[in-house]
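Colleague: Sequence positions in the sequence shown follow my numbering and run 2 to 735.
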Amino acid sequence: MSGANATCTIPVSGMTCAACSGRVQRSLERTAGVSSATVNLMTGEATVAFDPHATGPDQLVQVIRDTGYGAELPAPTANAEDALESLERERAAEVRTLKWKLWVALVPAVILMLLGHPHTAGARWLALALTLPVVGWSGRHFYSRAWAALRHGGADMNTLIAVGTGAAFGFSFFMTIAAGWVSTHGVVPQVYYETVAMIIALVLLGNLLEARAKSRTSSAIRKLMGLRPATARVIRGGAEVEVPIADVHVGDEVVLRPGERIPVDGVVLRGASTVDESMLTGEPAPVVKEPGAEVVGATLNRNGALQFRATRVGGDTVLARIIALVRGAQGQRAPIQHLADRISAVFVPVVIGIAAVVFGLWYAFGPEPRYLHALISAVTVLIIACPCAMGLATPTAVMVATGRGAELGVLIKGGEALQRVAEVDTVVLDKTGTITEGRPRVVHLGLSDDDLRLLASIERLSEHPLGETVVEAARARNLTLLEPQSFGVKPGKGVIGTADGHAIVAGNRALMGEHRIDISAVEPAATALAEQAATPVFVAVDGRAAGLVGIADPLKPTSAEAVQQLNELGLRVVMLTGDDTRTAAAVARTVGIEQVVAEVLPEQKLNEVSRIQAEGRVVAMVGDGLNDAPALAQSDVGIAMASGTDVALDTGAVTLMRNDLSGVPRAIQLARRTMRVIRQNLFWAFVYNVIGIPVAAGALYPLFGIQLTPALAAAAMAVSSVSVVTNSLRLRKA
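#1: Quick check: the segment 90-106 against the segment 197-205, are at least 3 beta-carbon pairs closer than 8 Å?
#2: Could you tell me which of V691, A672, W148 and S721 sits nearest to L419, measuring between CA atoms?
#3: Tell me the DSSP secondary structure of T536 in three-state form.
#4: Just to confirm the assignment: which complete beta strand (DSSP E) runs, minimum length 3, are found wholly within the segment 552-636?
#5: Between L29 and the rest of its own chain, which residues show a CB-CB distance below 8 Å, the 5 nearest in sequence each way excluded?
#6: Residues in the same chain with beta-carbon distance under 7 Å from G367, minus the five sequence neighbours each way, listed in chain order, please.
#7: Considering only the alpha carbon of each residue, which of V251, T300, R237 and G238 lies closest to R258?
#8: So is D277 buried or exposed if we call it buried at 16+ other beta carbons inside 10 Å?
#9: Taking the C-alpha atoms as reference points, what is the distance between V623 and G252?
#10: Run through the segment 443-467 for me and flag every whole alpha helix (DSSP H) of 4 or more residues, listed as ranges in chain order.
#11: Excluding five sequence neighbours on each side, which residues of the same chain lie with their C-beta closer than 6 Å to the C-beta of V575?
#12: Grouping DSSP H, G and I as helix and E and B as strand, with all else coil, what is M16?
#13: For the pair the segment 532-551 and the segment 499-515, tell me if three or more CB-CB distances fall below 8 Å.
#14: Does the separation of the CB atoms of G71 and V13 fall below 9 Å?
#15: Under 9 Å, Cβ to Cβ, is there at least one residue of chain C near A386?
#16: Do R476 and L467 count as a contact pair if the criterion is CB distance below 9 Å?
#17: Distance, Cα to Cα, E473 vs R229?
#18: When the Cα atoms are used, what is the spatial distance from L549 to H250?
#19: Which parts of the segment 164-208 are runs of the alpha helix (DSSP H), unbroken and 4 residues or longer, counting only runs that do not cross its ends?
#20: For N728, does the count of other Cβ atoms within 10 angstroms reach 16, so buried, or fall short, so exposed?
#21: Report, in whole angstroms, the separation of the C-beta atoms of A563 and A585, which I expect to be a contact under 8 Å.
#22: For L1 and G167, I'd like the C-alpha separation in whole angstroms.
#23: Within the chosen definition, does the segment 511-525 reach the segment 303-318 through at least 3 CB pairs nearer than 8 Å?
#24: Taking A423 and T675 to be in contact with their CB atoms under 8 Å, please state how far apart those CB atoms are, rounded to whole angstroms.
#25: Consult DSSP for K491 and reduce its assignment to one of helix, strand or coil.
#26: If you measure between the beta carbons of L320 and G293, is that distance less than 9 Å?
#27: If you follow the beta strand (DSSP E) that T437 is in, where does it begin and where does it stop?
#28: Shortest alpha-carbon distance to T578 belongs to which of G447, G434 and A500?
#29: Using the DSSP secondary-structure output, state which residues sit across from C9 in a beta bridge.
#30: T32 by DSSP, collapsed to three states: which one?
#31: CB A231 to CB V197, shorter than 9 Å?
#32: Under the three-state reduction of DSSP, which class applies to P485: helix, strand or coil?
#33: Look up K100 in the DSSP assignment and say whether it is helix, strand or coil.
#34: For the 8 Å Cβ check, are there 3 or more pairs between the segment 631-639 and the segment 603-617?
#35: By Cβ distance below 7 Å, which residues in the same chain neighbour T318 in space, the five residues on each side in sequence not counted?
#36: Indicate the three-state DSSP secondary structure (helix, strand or coil) for T403 in the structure shown.
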C-alpha cells in the first residue's frame, strides 16, 4: 500500500444506533492520515481510506476501541467465505442472546404489571427480586454502553434508557431497603420496578427486530458464491482431469458438458451450444455459443458440449465482480440518522442538568425533610424524562406497518427500510420479470393448425425457450404432435426438420434467406410485431412461406396502472434493462415510462443507479434477477419481486410477495404514512416530558403547593405510551 489510496475494512461490534456509528465515523475522520471513513451500522463495518505513511490498520482499530466499541482486523489469510461464516455465526449468536434477554425481561414485566403497585414490604422485596435479573442481565448492556458514550462525551438511546431506568430502579431500591426509615419521615414508600422491567423489555424487542434484519445482509453474497461449481474438468498433459475450481488457471482448456454450470470465464475453442445467461442479463432466451464466443462463469450450459480457454479466474471473473459490487454497495449505504438519537444527544444532558439543579434548589430552599424532597423531585424529573414512549414510538409503528404491508403483499424489512422507502423520489424498474412476466409465449399465431402441428413436431426436440412456447401453443389447441424424421439447429437463426414427409424451416430472416424462401407476404406483420416488442418467427413448409409466429414476454396486467400510480405520487420513473433498445422502448411506451436506459449489464446498472443518486435523488430499484443484485444493493431501497432469485430477494429491503408491480406504490404510500406516524409518536413521547419536567421540578409548588411525585411521573409516561400505541394502530387501516 502506498500513497493516500490505501483502504481497509474493519468489523465493528457494539453499535446499536445511528449515533453509535456516527461517533465511530467522526473519530476515524479526525484521525491523522484518514481521508474518508464510512461506518455502516447494518453490516457492522468501517471502511477507511488512509495514507499508510501516516497511519495504519492497527492504529485505526485502536481508534475505534478508544471510542468505546469493539474492533478486530480480519485474519490475513481469511477469504470472503470465511469472513461471511464468522459474521453469520456472530449475528446468529446475537439474535439468540437477545431472544433470551427479551424473555427474561418480558416475563417479570408482565408479572409485575399484573401484581399492581406493591404496598407491603413483602411485595416490594418480591418486585425487587423479579427486577434484579432484568437490570443485572437483560439490560446490563444498556448501562455499559451508556457509560462508554458518557466517557467519550456522547449520548444516545442507551443513555436515555440507562438514566431513566437507573433512576427509577435506584429510587425503588432505596425505598425498598429503607422503607421503615422513609416512613418515619412522613413519606410513603413508592417503587417503580414494573416501569423499569417494561422499558427494558420493549427496547429489547426493538433490538431483536433490528438484529434479525442485520442477519440477512450476508445471505445474498453467500447465495452468489453458491452459484460457482466446486470443480472443473481441464486438459492437463493431454488428458481430461477434474480439479478444484481454485486450481484452474488462465490459459487452461476447460471441458464442459450439457447441463453443467460454467466454472470460470473464457472463450470457446470448440463445439456449439446455447447458454442460459439469465443470471447475468436477466433475459430468458439462451445465447448461442460457438468458437470465438465468450462464456461467463456460473452461467448454465444447456444442450451442447464445449471446450473453452479460461481467460478470467478467481476474483477476476464476472461473478466475483458482481459479489464485490453487492458487498461494496452494501458497505457504502449510510445508516439512517434516527430522529430519536438526534434528540437524545441534546435532551439527555439537559435533563440530567435540570435534575441536578432541581436537587440543589430543593435541598437549599425546600421544606423539611429537604434532602428527601430534593431526592424525590430529582428522581421525578429523571423518571418523567425516561424514554418509555420514545422506545415505543418507532417499534410499534414499524410492527403495525409491516403487518399491514404483509396483508397488502409487501414485505418491508424493518424500520430503516421503511424510512428509506418514505424518502424515495425516483423509482428504477427492471423490465424482464418486473414489468413483464419473464416467460415468453406466443402472442401472434399466423399459421394453420396443420402447419402449426408440423412446426411443433420438430420444435419439441429443441431446448430453446421459444421452441417450447410453440409446443405449448400447439398443445393448447389439442393438436397431436408427430414423430419428426429429422431435426437440426441453426445456432442464432432457427431450426430445420422433416415431419410427415414435409420439410419445415422456422427462424429469422437470415435463415429464410439461406433457403431462398420469399417472405414478402408476411414482412408487414413481422415489422408490426417487432414494434410491439415481439420476436417474429418465420415459418416455411416445403419451400413456401406458411406464416408467422410472434413470441413475446407479455406485460403484467397491473404494470401500466402501477406506473401511473407512481407518477401520481410525484415520483420519477426510469426503466433500466439489459434488453435491446427497440424492445425496451416499445415496452416503456406501452406502460407510460418516459425515461429508458437499455442494453446495460450488471455493472452498468449499478453505475446508472449511482449516477441518478449523484443528482441528489433517493432511488428505489425494483428487480427480480441476479443481474439486478448490485443495483438493488447500491440503491437507497432495493425492492425485489418474489418470483426473482433468492439473491434479489435477500438484497432487496422490500419484497413484493404477490409478484405484482402495484405493490411498489403501495409500499411507498405505506412508508410515507408510517414516517408521519413515527414523527407524531415522537411528538407525543416528548410533549408530556416538556410539560411534565417543569412541574416535576416544582414550578407549581410556590403558587399551589403542588409537587409532582414519581408515581404521577410514571402515570404521565403511561399516558404518553398509550397515545403512541393508539396512534400507531391507525396504520392498520392504511
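A virtual CB, placed ideally from N, CA and C, is assigned to each residue, including glycine. Remember, predicted model here, so these are calculated numbers, not experimental data.
Modeller: Walking through what the data contain:
#1: Yes: the two stretches touch, three or more of their Cβ pairs being nearer than 8 Å.
#2: For the purposes of this step, residue 419 is taken as residue 418 along the sequence shown, with counting starting at 1. Comparing Cα-Cα distances from L419 to each of V691, A672, W148 and S721, the minimum goes to A672.
#3: By 1-based counting over the sequence shown, the position of residue 536 is 535. Residue state, collapsed to three classes: strand.
#4: Listed in chain order, the complete beta strand (DSSP E) runs (minimum 3 residues) inside the segment 552-636 are 573-577, 596-598 and 620-624.
#5: By one-based count along the sequence shown, residue 29 stands at place 28. Same-chain partners within the cutoff: V35, A38, V40, A47, V49, L61, V64 and I65.
#6: Sequence index remark: in the sequence shown, residue 367 carries index 366 (1-based). Closer than 7 Å at the Cβ level, and outside the excluded window around G367, lie H374 and A375.
#7: Within the sequence shown, the letter at position 257 stands for residue 258. With distances taken between Cα atoms, R258 lies closest to T300.
#8: Along the sequence shown, one-based indexing puts residue 277 at 276. Taking all protein chains in view, the Cβ of D277 is crowded by 16 or more other Cβ atoms within 10 Å, so the residue is classified as buried.
#9: As a working note, residue 623 is residue 622 in the sequence shown. As a working note, residue 252 is residue 251 in the sequence shown. Their Cα atoms are separated by approximately 39 Å.
#10: Here the runs fully enclosed are 450-460.
#11: To locate residue 575, count along the sequence shown from 1; it is residue 574. The beta carbon of V575 sits closer than 6 Å to the beta carbons of V429 and Q596 from its chain, once the five residues preceding and following it are set aside; these are given in chain order.
#12: Taking the first residue of the sequence shown as 1, we reach residue 16 at position 15. Residue state, collapsed to three classes: coil.
#13: Contact between the segment 532-551 and the segment 499-515 is present, because at least three Cβ pairs lie under 8 Å.
#14: By one-based count along the sequence shown, residue 71 stands at place 70. By one-based count along the sequence shown, residue 13 stands at place 12. V13 sits close to G71, with the two beta carbons spaced by under 9 Å.
#15: Note that chain C does not occur in the displayed structure, where there is just one protein chain.
#16: Within the sequence shown, numbered from 1, the residue matching residue 467 stands at position 466. Within the sequence shown, numbered from 1, the residue matching residue 476 stands at position 475. R476 is positioned such that its CB atom lies no closer than 9 Å to that of L467.
#17: As a working note, residue 473 is residue 472 in the sequence shown. As a working note, residue 229 is residue 228 in the sequence shown. Between the alpha carbons of E473 and R229 lies a distance of about 32 Å.
#18: For this step, residue 549 is matched to residue 548 along the sequence shown. For this step, residue 250 is matched to residue 249 along the sequence shown. Distance between the alpha carbons of L549 and H250: 47 Å.
#19: Under the rule that a run must span 4 or more residues, the alpha helix (DSSP H) segments found entirely inside the segment 164-208 read 180-185.
#20: Within the sequence shown, the letter at position 727 stands for residue 728. By the 10 Å Cβ count, N728 comes out buried.
#21: Numbered from 1 along the sequence shown, position 562 holds the residue referred to as residue 563. Numbered from 1 along the sequence shown, position 584 holds the residue referred to as residue 585. That belief does not hold up - the Cβ atoms of A563 and A585 are roughly 17 Å apart, past 8 Å.
#22: Residue 1 is absent from the model: the chain starts at 2 and stops at 735.
#23: Using a Cβ-Cβ distance cut-off of 8 Å, the segment 511-525 and the segment 303-318 are not in contact, since fewer than three pairs of beta carbons, one from each stretch, lie closer than that value.
#24: Counting from 1 along the sequence shown, the entry for residue 423 is found at position 422. Counting from 1 along the sequence shown, the entry for residue 675 is found at position 674. Contact between A423 and T675 holds, since their C-beta atoms are separated by about 7 Å, short of 8 Å.
#25: Indexing the sequence shown from 1 puts residue 491 at position 490. Annotated three-state conformation of K491 is strand, per DSSP.
#26: As a working mapping, residue 320 is identified with position 319 in the sequence shown. As a working mapping, residue 293 is identified with position 292 in the sequence shown. In this structure, G293 does not lie closer than 9 Å to L320 by Cβ.
#27: Position 436 of the sequence shown, counted from the start, is the residue given in the question as residue 437. That residue, T437, is in no beta strand (DSSP E); it is neither H nor E in DSSP.
#28: The count along the sequence shown starts at 1 and reaches residue 578 at position 577. Distances from the alpha-carbon of T578 to those of G447, G434 and A500 put G434 closest.
#29: Taking the sequence shown and counting its residues from 1, the one referred to as residue 9 is at position 8. For C9, DSSP records a beta bridge to V49.
#30: Within the sequence shown, the letter at position 31 stands for residue 32. Here T32 sits in coil by DSSP.
#31: For the purposes of this step, residue 231 is taken as the residue at position 230 of the sequence shown. For the purposes of this step, residue 197 is taken as the residue at position 196 of the sequence shown. Using a Cβ distance threshold of 9 Å, A231 and V197 do not count as a contacting pair.
#32: Reading the sequence shown from its first residue, position 484 is the one you call residue 485. Taken through DSSP and simplified to helix, strand or coil, P485 comes out as coil.
#33: The sequence position of residue 100 within the sequence shown is 99, counting from 1. Here K100 sits in helix by DSSP.
#34: The segment 631-639 makes contact with the segment 603-617, as at least three CB pairs between them are under 8 Å.
#35: Within the sequence shown, the letter at position 317 stands for residue 318. Correct list, in chain order: V265, D266 and G298.
#36: Here residue 403 corresponds to residue number 402 of the sequence shown, with the count starting at 1. In this structure, T403 counts as helix in the three-state DSSP scheme.
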